[in-house]
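Order-wise, the sequence lines are chains P and C. Under this note's numbering, the first residue of the first sequence carries the number 1, and numbering increases by one thereafter. Under this note's numbering, the first residue of the second sequence carries the number 1, and numbering increases by one thereafter. Since the structure comes first, as structure tokens, the remarks are kept for the end.
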Amino acid sequence: MSGRSAAARLDVVTPETGAPQAAAPITDLSARRIRARRRYQFNVYALRLLTAAIVLGAWELSTRYAPTVIDPFFWGQPSGIWHQLVVWVTDETALGPLWRQVLVTMEETVGGFIVGTISGVVIGVLMGRNRLLSDVFSIYIKAANAIPRVVLGALFAISLGLDIRSKIATAAVLVFFVVFFNAFQGVREVERNLIANARILGADNRKLTTEVIIPSALSWIIASLHISFGLALVGAVVGELFGATEGVGELIYSAEHNFNANGVFAGMLLLAAMALIAEAIITALENRLIKWRPPAVGSEVQI
Amino acid sequence: MPPAIELHGVTKRFLTPSGAVFTALRDLDMVVQPGEFCAVVGPTGCGKSTTLALISGLEPASEGQVTVLGEPVTGIAKEIGYVFQSDAVFPWKTVLDNVAAGPRYHGETSRQAREKAREWIARVGLAGFEDRYPYQLSGGMRKRVALAQSLINEPKILLMDEPFSALDVQTRALMENELLALWAASRASVVFVTHDLEEAIALADRVFVISAGPGTVKANYPVPLPRPRNVTEIRMQPQFTQIYSEIWNDLKDEVLVSYERQKRSGAA
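What follows is the structure in structure tokens.
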């Protein structure tokens, strides 16, 4: 743009298409770069596998050849965990079919996640926008945030019963605070220039909230979703601890009651898999919702 | 016809976080005629931006009267456009939606607004960039978006707060010429705040010199250079140099006062 002459003032500036890829050395260079990147990716995956192999191998070998030091009865054994999973998948668990346990915990987690996120965003935005509200209620929210909230699971088990509602409530309470604080902070950090600009352009209060405040706070809110899904999972599993008949958490407790360490690990593995899948979904959502953000520093390829 | 903008005995005070009263403007008088291009120059921190905030209705005056198009300012008037110093385009909107924001806020349908926006995007030379996000544009291009965003509302008053100060010299000259062309077509009244006296003279019909804070109008100078102007060429004319040295004599003292004060508050 700066290279254009003043005479070309109102000319249509065509999108830059980049310099023509003329010389062979450049093609060669970029091909080399792509190869290097592929090799790097391959190395990353290989090292990940190696890490898992070393940890699991050491675990397996020590429980097998030194059971007096690491007793598989207490510490489990990778082959035993695998066997437990195979039994759960092909046969069934102590509580019924495995898919049913995963589904129940998933429902509780997603339910708590949604309830906690929506209430966190709504109350966070309201309090971020309204000085009086935040001055009055901030002390209570800080106090509530300071107590270990998982114990509320016990209360919900009494008041809401042993069905899915008490688990959703426990998960939602954990999620709420994280999302709330991020939404609140996000609203507070909106650039004043942007608000002034929107007002000059004619935005009323409602438009200001939906068109400036919320989009601006969105990157804060979405950042909190990564953590809060994990917390929702914690809430659901803890909720199952206080009384349940189904779910992965309950599966873990029933394994624990039977001194089945492999069962505990197998349940943890299921929870980890669920969390990883959810994380991938949230990342995809993030990329869709905030595609206006510049790519992270360092993601550009230098050749 | 009433003046486009009239400030009469305007004072603006702020309460600093420590509780002290800070006077940004004191007893300021300024009149801008319809269709006039005015530049406001003054040392750093003299309240130039505050003046714009008062005219726009973003902030109320502590004392005195602010009148825009014959009406006292009570809030943000529909006839006002404002180009901010730093980037104020919405980073989450594409160029098209950024420019279409004004008409949409004023109740036009999305389709109407976008159609109009396309026209304005072409007029500021950004055709083909409608679907880009601001981060994908250069600083100069973002300024074009900001210009189109303001001008699409067809403001009768255009306020500009050092809009080009962050641009490199060449882009800046380019944008200044474009601004003059767009202004000539719109005939809006412009108040253009800058700390660059050359830019002020090259663009404006009249230059207001604001004294070191608390700001008040020290003097105003008509700039009788012929239009249409080319900002790069006009700087070479002897008349330009003459006007420049005349205004600089006035401005220099204020800059020195402001500088001395900064040094003292830095030493304290």
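Glycine residues also receive a C-beta, built at the ideal position from the N, C-alpha and C atoms. Note that the structure is a prediction, hence the values are computed from the model and not measured.
- For the pair Ala202 (chain C) and Phe37 (chain C), the Cα-to-Cα distance works out to about 11 Å.
- Just measuring C-alpha positions, the residue of C:Arg142, C:Gln149 and C:Leu151 sitting nearest Phe164 (chain C) is C:Arg142.
- Judged by DSSP in its simplified three-state form, Pro34 (chain C) adopts coil rather than helix or strand.
- With its beta carbon less than 9 Å from one in chain C, Ala198 (chain P) belongs to the interface.
- For the stretch 177-202 of chain P, the residues whose beta carbon sits under 7 Å from a beta carbon of chain C are, in order, Asn193, Leu194, Ala196, Asn197, Arg199, Ile200, Leu201 and Gly202.
- By the neighbour-count criterion, in which a residue is buried when 16 or more other Cβ atoms sit within 10 angstroms of its Cβ, Ala61 (chain C) is buried.
- In this structure, DSSP gives Tyr82 (chain C) an extended state, which the three-state scheme calls strand.
- What Val212 (chain P) touches in chain C, judged by beta-carbon distance under 8 Å, is Phe90, going in chain order.
- For Glu199 (chain C), the enclosing alpha helix (DSSP H) stretches over residues Leu197 to Leu203.
- Sequence-distant Cβ neighbours of His8 (chain C) in its own chain, meaning closer than 7 Å and more than five residues away, are Asp29, Gly64 and Gln65.
- Arg293 (chain P) has a beta carbon lying within less than 9 Å of a beta carbon in chain C.
- No Cβ of chain P is located within less than 9 Å of the beta carbon of Ser186 (chain C).
- Residues of the stretch 58-83 of chain C with a C-beta less than 8 Å from any C-beta of chain P: Leu58, Ile76, Lys78, Ile80, Gly81 and Tyr82, listed in chain order.
- Between Leu151 (chain C) and Arg187 (chain C), the C-beta spacing is not below 9 Å.
- Assigned with DSSP and collapsed to three states, Arg261 (chain C) falls in helix.
- The beta carbons of Ile164 (chain P) and Glu108 (chain P) sit closer together than 9 Å.
- At a cut-off of 9 Å between C-beta atoms, Leu218 (chain P) counts as an interface residue with respect to chain C.
- Under the DSSP definition of a beta bridge, Gly124 (chain P) lacks any partner.
- For Ile221 (chain P), not one C-beta of chain C is nearer than 9 Å to its own C-beta.
- Taking 8 Å as the upper bound for CB-CB distance, Pro91 (chain C) and Pro134 (chain C) are in contact here, some 5 Å apart.
- For Val178 (chain P), the enclosing alpha helix (DSSP H) covers residues Ile164 to Arg188.
- For Thr94 (chain C), the nearest CB of chain P lies under 9 Å from its own CB, placing it at the interface with that chain.
- Put simply, the backbone Cα of Asp91 (chain P) is about 9 Å away from that of Leu98 (chain P).
- Residue burial is scored here from C-beta neighbours: Ala185 (chain C) has fewer than 16 other C-beta atoms within 10 angstroms and is therefore classed as exposed.
- In this structure, Ala266 (chain P) lies away from Ile123 (chain P), with their beta-carbon atoms at least 9 Å apart.
- Neighbours of Gly266 (chain C) in chain P, taken as residues at a C-beta separation under 7 Å, are lacking, since the least C-beta distance is about 26 Å.
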